[in-house]
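Participant: What follows is a structure written as structure tokens; I'll ask about it next.
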Amino acid sequence: MGYVILGWDGEDAEAPARRAAVRERHLKVITAWAAAGRLNLAVPLFRADGSAAGSIMILNDEDEVGAREYLLEEPFAREGVWLSYQMRPYRIAPMNYQPLPSGPAPSAMTHCVVIAEDAENSLERRMAVREPHMRRVQGFAEDGTMACGGALLGPKGGMIGSIAITRHPTEAAARAWWADDPYVQHGVWHNLRFFPTRFAPLPYVPLPRPA
Numbered sequence: 003m004g005y006v007i008l009g010w011d012g013e014d015a016e017a018p019a020r021r022a023a024v025r026e027r028h029l030k031v032i033t034a035w036a037a038a039g040r041l042n043l044a045v046p047l048f049r050a051d052g053s054a055a056g057s058i059m060i061l062n063d064e065d066e067v068g069a070r071e072y073l074l075e076e077p078f079a080r081e082g083v084w085l086s087y088q089m090r091p092y093r094i095a096p097m098n099y100q101p102l103p104s105g106p107a108p109s110a111m112t113h114c115v116v117i118a119e120d121a122e123n124s125l126e127r128r129m130a131v132r133e134p135h136m137r138r139v140q141g142f143a144e145d146g147t148m149a150c151g152g153a154l155l156g157p158k159g160g161m162i163g164s165i166a167i168t169r170h171p172t173e174a175a176a177r178a179w180w181a182d183d184p185y186v187q188h189g190v191w192h193n194l195r196f197f198p199t200r201f202a203p204l205p206y207v208p209l210p211r212p213a
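Last residue of the sequence shown? That's 213 in this note's numbering, and every number before it is there in order.
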């Protein structure tokens, strides 16, 4: 079991300057963690107006100690760029993913992050439609539409939600695509938050694949 860190920027007038002031040091830290295979994915989260809402950092093979070690090194956490953050148990679903985007960082949004919480008492529904859900997303992982996806986990390791990144430049496009998913159609997810994003080139190791 790994962890995902969701860091949330402020909405005050000084928030962009705080992020810009430490961005180069932030990039240095995440580059080192990615090269070491400890950081599987890191992208910013944007609001509809284009301002930075925060960041998502996936550490799929780290335990709680490793995730806290990362936070101690992360300038966004130490120097007030993130006014709050969550460290949640998470597991990337092994699929035949395409390599994560590389090359110069694009100026426009290219992908969208969805953070989906399961509805109360939805475990039975989740398990009933998990097979068609996985069949659908596996195909889209293979063609690059699904850049990464996995499950948020509860204290006992059970699935309580999902976080995924898809190749959709807008929230509207991502919402329309997810509307066809069994987890949406059968009420497994009840609260979906979308954040457009783009990838910075980092020396990632390949994402987990089926055994």
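For every residue, glycine included, the Cβ atom is placed at its ideal position computed from N, Cα and C.
Would you list the residues sitting across from Met161 in a DSSP beta bridge?
Facilitator: Indexing the sequence shown from 1 puts residue 161 at position 159. Bridge partners of Met161: Leu155.
Participant: Name the one or two DSSP bridge partners that Pro208 has.
Facilitator: Within the sequence shown, the letter at position 206 stands for residue 208. Note: Pro208 sits in no beta bridge, so no partner.
Participant: What residue range does the beta strand (DSSP E) around Glu119 cover?
Facilitator: If you number the sequence shown from 1, residue 119 lands on position 117. Here the beta strand (DSSP E) through Glu119 covers His113 to Asp120.
Participant: Could you have a look at Leu74 and say whether DSSP puts it in helix, strand or coil?
Facilitator: Residue mapping note: residue 74 aligns to position 72 of the sequence shown, counting from 1. Helix, per DSSP.
Participant: Is DSSP giving Gly189 helix, strand or coil here?
Facilitator: By 1-based counting over the sequence shown, the position of residue 189 is 187. Three-state DSSP puts Gly189 in coil, outside helix and strand.
Participant: Kindly identify the DSSP beta-bridge partner or partners of Arg195.
Facilitator: Locating residue 195 in the sequence shown gives position 193, where the first residue counts as 1. DSSP, once it has assigned bridges, lists Ile117 as partnering Arg195.
Participant: Give the secondary structure of Arg200 by DSSP, where H, G and I count as helix, E and B as strand, and everything else as coil.
Facilitator: Residue mapping note: residue 200 aligns to position 198 of the sequence shown, counting from 1. It is coil, neither helix nor strand.
Participant: Is DSSP giving Thr33 helix, strand or coil here?
Facilitator: For the purposes of this step, residue 33 is taken as residue 31 along the sequence shown, with counting starting at 1. Looking at Thr33 - three-state DSSP - the assignment turns out to be helix.
Participant: Is it true that the CB of Met148 sits closer than 8 angstroms to the CB of Phe48?
Facilitator: For this step, residue 48 is matched to residue 46 along the sequence shown. For this step, residue 148 is matched to residue 146 along the sequence shown. Contact flag unset, no.
Participant: Quick one: give me the first and last residue of the alpha helix (DSSP H) that Gly9 is part of.
Facilitator: By 1-based counting over the sequence shown, the position of residue 9 is 7. Run containing Gly9: none in the alpha helix (DSSP H); it sits in the beta strand (DSSP E), Gly4 to Asp11.
Participant: Going by the DSSP bridge assignment, what does Val24 pair with across the sheet?
Facilitator: The count along the sequence shown starts at 1 and reaches residue 24 at position 22. Val24 is not bridged to any residue.
Participant: If you compare alpha carbons, which of Ala174, Arg128 and Ala23 is closest to Gly160?
Facilitator: On the sequence shown, residue 160 is found 158 positions in, with the first residue counted as 1. Nearest option by C-alpha distance: Arg128.
Participant: Note down, in chain order, each residue of its chain lying with its Cβ closer than 8 angstroms to the Cβ of Val139, except the 5 sequence neighbours on either side.
Facilitator: For the purposes of this step, residue 139 is taken as residue 137 along the sequence shown, with counting starting at 1. So the qualifying residues of the chain are Ala95, Met97, Met148, Gly151, Ala166 and Asp183.
Participant: Take the Cβ of Thr172 as the centre, count every other Cβ of all protein chains shown within 10 Å, and call the residue buried at 16 or more, exposed below.
Facilitator: Within the sequence shown, residue 172 is the residue found at index 170, counting from 1. Its Cβ having fewer than 16 others within 10 Å, Thr172 is exposed.
Participant: The alpha helix (DSSP H) that contains Leu125, what's its start and end?
Facilitator: Along the sequence shown, read from residue 1 onward, the residue named residue 125 stands at position 123. Counting along the chain, the alpha helix (DSSP H) containing Leu125 begins and ends at Leu125 to Glu144.
Participant: Below 8 angstroms, how does it come out for the region 61-72 and the region 10-28: are there three or more Cβ pairs, yes or no?
Facilitator: no
Participant: Do you know whose CA, among Ala38, Met89, Val45 and Arg21, lies nearest Pro157's CA?
Facilitator: As a working note, residue 157 is residue 155 in the sequence shown. Nearest C-alpha to Pro157: Met89.
Participant: Can you give the Cα-Cα distance for Ala38 and Phe196, rounded to whole angstroms?
Facilitator: Stepping through the sequence shown from its first residue, residue 38 is reached at position 36. Stepping through the sequence shown from its first residue, residue 196 is reached at position 194. If you take the alpha carbons of Ala38 and Phe196, they lie about 29 angstroms apart.
Participant: Can you tell me whether Asn193 is buried or exposed, with buried defined as 16 or more other CB within 10 angstroms of its CB?
Facilitator: Translated into the one-based positions of the sequence shown, residue 193 becomes position 191. By the neighbour-count criterion, in which 16 or more other beta carbons inside 10 Å mark a residue as buried, Asn193 falls on the exposed side.
Participant: Leaving out five residues on either side along the sequence, give the residues of the same chain with a beta carbon under 8 angstroms from the beta carbon of Asp63.
Facilitator: Taking the sequence shown and counting its residues from 1, one reaches residue 63 at position 61. These residues qualify, in order along the chain: Gly4, Gly39, Arg40 and Asn42.
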